[in-house]
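A.B. asks: This note's numbering puts the sequence shown at residues 361 to 588.
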Amino acid sequence: MAYGNRHRAVELDELGRPKAPDEARAKILTAAAGTFVERGFGGTSIDDVADALGSTKGRIYHYYRTKTDIFLHIHLEALRILIENVGEVFDREGLDPKERLYEMCKTHAVVVMATISYQKSTTLGINKLLLSIRHPYQDEASKQVIALRNEYEGFFVSAIEAGVEAGVFRDLPPRFAARPLLGALNWANVWYETRESSDEADDYIENSSIALAEYCVNAVSLRSFPAV
Numbered sequence: 361m362a363y364g365n366r367h368r369a370v371e372l373d374e375l376g377r378p379k380a381p382d383e384a385r386a387k388i389l390t391a392a393a394g395t396f397v398e399r400g401f402g403g404t405s406i407d408d409v410a411d412a413l414g415s416t417k418g419r420i421y422h423y424y425r426t427k428t429d430i431f432l433h434i435h436l437e438a439l440r441i442l443i444e445n446v447g448e449v450f451d452r453e454g455l456d457p458k459e460r461l462y463e464m465c466k467t468h469a470v471v472v473m474a475t476i477s478y479q480k481s482t483t484l485g486i487n488k489l490l491l492s493i494r495h496p497y498q499d500e501a502s503k504q505v506i507a508l509r510n511e512y513e514g515f516f517v518s519a520i521e522a523g524v525e526a527g528v529f530r531d532l533p534p535r536f537a538a539r540p541l542l543g544a545l546n547w548a549n550v551w552y553e554t555r556e557s558s559d560e561a562d563d564y565i566e567n568s569s570i571a572l573a574e575y576c577v578n579a580v581s582l583r584s585f586p587a588v
């Protein structure tokens, strides 16, 4: 049986990060992410993903060998989206340490809520799954997941470190401070539910992301943010 490009190596850009999936793969990943969230990883089959996509299993097998492959690529795409958006803020000029961390936290929250099925899927036992990888083509993707998670955490570690050095953040080990901060931001995976109205969703995401960003910046600050 021919499987086309199903076990193609992860394609990287000039920065060594995974490229955005093409349209066919993106549709499969989006359908699978929603199904994983609804049924759980263990309760989802390729048949379920095909049903959600409105296609045959053959179409999915043309690109992905197993649901583990799909799951790993969902995780890569979720991280790619976060790195692309929050990385732009991290590199932006003209921001002081508090402003930079605030904008990073706000952007993170917006992205999580705007791509909630992808982000929720990443919480479904990823660490256990990474330990169970047996195939070389999956091992490559799992190493990319770990590398991207470390890179992304590094944005927040560096931003907090800059604030500590500037005397505006508490003198805490930056990595120690970054992890609970990211935990608070990622908790939106649990409580956020999509809205039927796009206007309602936009307002809710905007207000929630502002509240989360202020909460996180204040958690590491010597003085409240924004200043009153």
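Glycine included, every Cβ here is placed at the ideal spot set by N, Cα and C.
Are three or more beta carbon pairs between the segment 509-520 and the segment 442-454 nearer than 8 angstroms?
C.D. replies: yes
A.B. asks: Measuring CA to CA, which of E553, V550, L542 and Y423 is closest to A314?
C.D. replies: Because the chain spans 361 through 588 in this model, residue 314 falls outside it and cannot be assessed.
A.B. asks: Compute the Euclidean distance between the alpha carbons of Q479 and G527, then round it to the nearest angstrom.
C.D. replies: Looking at the two C-alpha atoms, the distance is approximately 34 angstroms.
A.B. asks: If we ignore side chains and look at the alpha-carbon of each, how far apart do A571 and K417 end up?
C.D. replies: 43 angstroms
A.B. asks: Would you mind reading off the limits of the alpha helix (DSSP H) that contains S415?
C.D. replies: Looking at the DSSP string, S415 is not in any alpha helix (DSSP H), and its letter there is neither H nor E.
A.B. asks: Are S477 and G394 touching if we call contact CB-CB under 7 angstroms?
C.D. replies: A contact, by the Cβ cut-off of 7 angstroms.
A.B. asks: Per DSSP, which residues does F396 bridge with? Please list them.
C.D. replies: None; F396 has no bridge partner.
A.B. asks: Between the C-alpha atoms of L582 and R539, what's the straight-line distance to the nearest angstrom?
C.D. replies: So the alpha carbons of these two residues sit roughly 18 angstroms apart.
A.B. asks: Apart from the five residues on each side of it in sequence, which residues of its chain come closer than 7 angstroms, Cβ to Cβ, to K466?
C.D. replies: S569, I570 and A573
A.B. asks: May I ask you to report which of helix, strand or coil DSSP gives S477?
C.D. replies: helix
A.B. asks: Are the Cβ atoms of A537 and V577 separated by less than 7 angstroms?
C.D. replies: no
A.B. asks: Which residues in the same chain as K427 place their Cβ atom closer than 8 angstroms to its Cβ, once the five residues preceding and following it in sequence are excluded?
C.D. replies: A392, F401, T404, S405, I406 and V409
A.B. asks: When the Cα atoms are used, what is the spatial distance from A412 to V524?
C.D. replies: 48 angstroms
A.B. asks: What's the call for P534, buried or exposed, on a 16-neighbour Cβ count within 10 Å?
C.D. replies: Around the beta-carbon of P534, 16 or more other beta-carbon atoms lie within 10 Å, marking it buried.
A.B. asks: Taking the alpha-carbon positions, what's the R509 to T554 distance?
C.D. replies: C-alpha separation (whole angstroms): 25 angstroms.
A.B. asks: Per DSSP, what kind of secondary structure is F431 in: helix, strand or coil?
C.D. replies: Residue state, collapsed to three classes: helix.
A.B. asks: Tell me, to the nearest whole angstrom, how far the beta carbon of A501 is from that of L442; I am working on the premise that it is less than 8 angstroms.
C.D. replies: In fact, because the Cβ distance is near 17 angstroms, the residues do not count as touching under 8 angstroms.
A.B. asks: In whole angstroms, give me the CA-to-CA distance for I434 and E521.
C.D. replies: Each residue's Cα considered, the two are about 31 angstroms apart.
A.B. asks: Do you know whose CA, among V505, R530, D531 and D562, lies nearest L436's CA?
C.D. replies: V505
A.B. asks: Is F529 helix, strand or coil when you go by DSSP?
C.D. replies: Here F529 sits in strand by DSSP.
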